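If you count the sequence shown from 1, you need to add 1 to reach this note's numbering.
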Amino acid sequence: MTPSRRAVIASSLALAACRGQAQTPPAPLTLPPLKRVAPFPVGAAISVGALEDPAYRALLLANFSQVTADWEMKMEQILQSDGTFSFAKADLIAEFARENGLRLHGHNLIWYIYSPEPFQRVAGDRSAFERAYANYILAVAGRYRGQAVGWDVVNEPVAEDGEGYRDCLWRQALGMNYVATALKYARQADPEAVLFLNDYNLESNPKKRATFLRLVEDLMKQGAPLGGLGTQTHLEADLAPGAIKAAIRDLAATGLKIHVSEFDVTLQGHPLTSRAAKLNGQARLAGEAAEALAALPSAQRYAFTTWGVRDKDSWLRHAPNAGDGDDSPLFFDDDGRPKAAAAAFERALGRS
Ligand code: G3I
């Protein structure tokens, strides 16, 4: 046997031994259900496909009291190219929520990423465009009137870098008034639902948060029916301590309801940081977010929603965001076992 072959075998045996030690599974966590510990509704983004898995449904119903449709209630699914609406998948989500006594959060009515054909066809005629805009919002928000407890009426209005607001079909056709107009028709469709603006990186980008809050202030001055603010909270594990608390403090200063609306902490990126260190960071951030929301007056605690149930259900495990395919961004691992982040979430609430 050549020396190099011996060396290869020796190193692979050493590696296997090392992995063998690393593979000694930690004692499984046993935690009370998330929704039992939290002084606010605990939500999850769900999808029709995932609901076909009985283990997923059991884990969801045991831990969560609110659901958001990952994509089935969005324009990309509802608005057909001929201008008609298809609610088949959205209704399945709503029906599941109703049958299981879960609060339903509507997501979302207007999003900058969409510029569908039916709207492009009337983009040159402002009154026709606004009629189509009103018709869509009235139809969708009106359909779930009395069931949806809230709606993300406009999703991600602020520019990526926080310098001003996104350019999009809605703004080109209606000006920045597209936001207040969407809120107006959503209120007309549903007199009770809490109407939200929802955006991301409000923790990591203070400039984006300031621009978001300027829009909020303008809307409140106009008397727009804005009832809540969603901070998506898609985080990286090395986010500085206190950033979440500062963001929630600033958003809550408006007096509006606050929704941690899409919580997850990716382990992707930062190759020099170990997976264990990122999972510790994830737990730290879960605890900080829980504590910050719980510290608000009860009237302002709308919900804490994780963007998925198990790691393998996450958008961060599916194309085009899957990275190296083994991200672990949520509270439950691929097999539905609670992770350190879930324990930190509950520990923080036990302290609150
Ligand atoms: O499952 C269908 C498949 O049956 C169909 O053939 C195919 C045709 O395109 O679409 C598939 O649905 C995809 C769906 O994810 C489920 O995988 C949609 O194309 C795809 O657009 C959708 O992506 C979603 C994305 O928003 C766009 O709607 C992600 O799942 C969802 O997690 C993501 O969520 C967003 C929030 O709404 C806003 N904040 C950021 C967050 C992450 O990007």
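In this text, a Cβ means the ideal position worked out from N, Cα and C, and glycines have one as well.
Note that the structure is predicted; figures quoted are calculated from it, not measured.
What are the residues that DSSP puts in a beta bridge with residue i?
i	result
Glu237	Thr267
Pro272	Beta-bridge pairing links Pro272 to no other residue.
Leu105	Val68 and Ala149
Ala45	Val68 and Thr307
Val38	Answer is none; Val38 lacks a bridge partner.
His260	Gly231 and Ala304
Leu80	Phe86
Asn156	Trp112 and Asn199
Tyr57	DSSP output for Tyr57 lists no bridge partner at all.
Taking residue i as part of the alpha helix (DSSP H), name the residues at either end of that continuous run.
i	result
Thr182	Tyr179 to Ala190
Leu170	Leu170 to Leu175
Met221	Pro207 to Gln223
Arg250	Ala244 to Ala253
Give the straight-line distance between the Cα atoms of residue i and residue j, rounded to the nearest whole angstrom.
i	j	result
Glu118	Gln269	35 Å
Ala91	Glu131	24 Å
Asp54	Ala124	42 Å
Ile113	Gln78	A small correction: the amino acid at residue 113 is Tyr; Ile does not occupy that position in the sequence shown. Between Tyr113 and Gln78, the C-alpha separation is close to 15 Å.
Asp126	Gly147	33 Å
Ala160	Arg167	4 Å
Gly44	Ala190	24 Å
Leu30	Ala345	11 Å
Ala17	Ile138	Interpretation of Ala17 is limited by its pLDDT of 43, a score under 50 that renders its predicted location unreliable; no figure is taken from the coordinates.
Leu297	Ala253	8 Å
Gly163	Thr232	14 Å
Tyr179	Glu237	31 Å
Val68	Ala46	6 Å
Ser128	Asn64	46 Å
Asp336	Asn199	30 Å
Trp308	Arg99	20 Å
Val310	Met74	18 Å
Ser205	Ala211	12 Å
Ala349	Gly84	47 Å
His284	Ser66	Inspection of the sequence shows that residue 284 is occupied by Ala rather than by His. Using only the alpha carbons, I get a separation of about 21 Å.
Span of the beta strand (DSSP E) holding residue i?
i	result
Ala70	Gln67 to Ala70
Asp334	Careful: Asp334 lies outside any beta strand (DSSP E) and carries neither H nor E.
Phe86	Taken as a continuous stretch (DSSP letters only), Phe86 belongs to no beta strand (DSSP E), as it is neither H nor E.
Val359	With the chain represented from 2 up to 353, any question about residue 359 goes unanswered, as that position is not in the structure.
Thr232	Gly229 to Thr232
| Start-end ranges of the alpha helix (DSSP H) lying completely within the stretch 107 to 140, minimum 4 residues | 118 to 121
| query | Three or more C-beta pairs closer than 8 Å, one from the stretch 275 to 283 and one from the stretch 329 to 343: is that the case here? | reply | yes
| said: Three Cβ pairs or more, each shorter than 8 Å: is that satisfied between the stretch 157 to 177 and the stretch 245 to 255? | reply: no
| Given 8 Å, three or more beta-carbon pairs between the stretch 286 to 293 and the stretch 321 to 329 | no
| Touch test, the stretch 224 to 235 against the stretch 182 to 199, Cβ-Cβ under 8 Å, three pairs minimum | yes
| Would you say the stretch 208 to 215 touches the stretch 259 to 274, given that touching needs at least three Cβ pairs under 8 Å? | no
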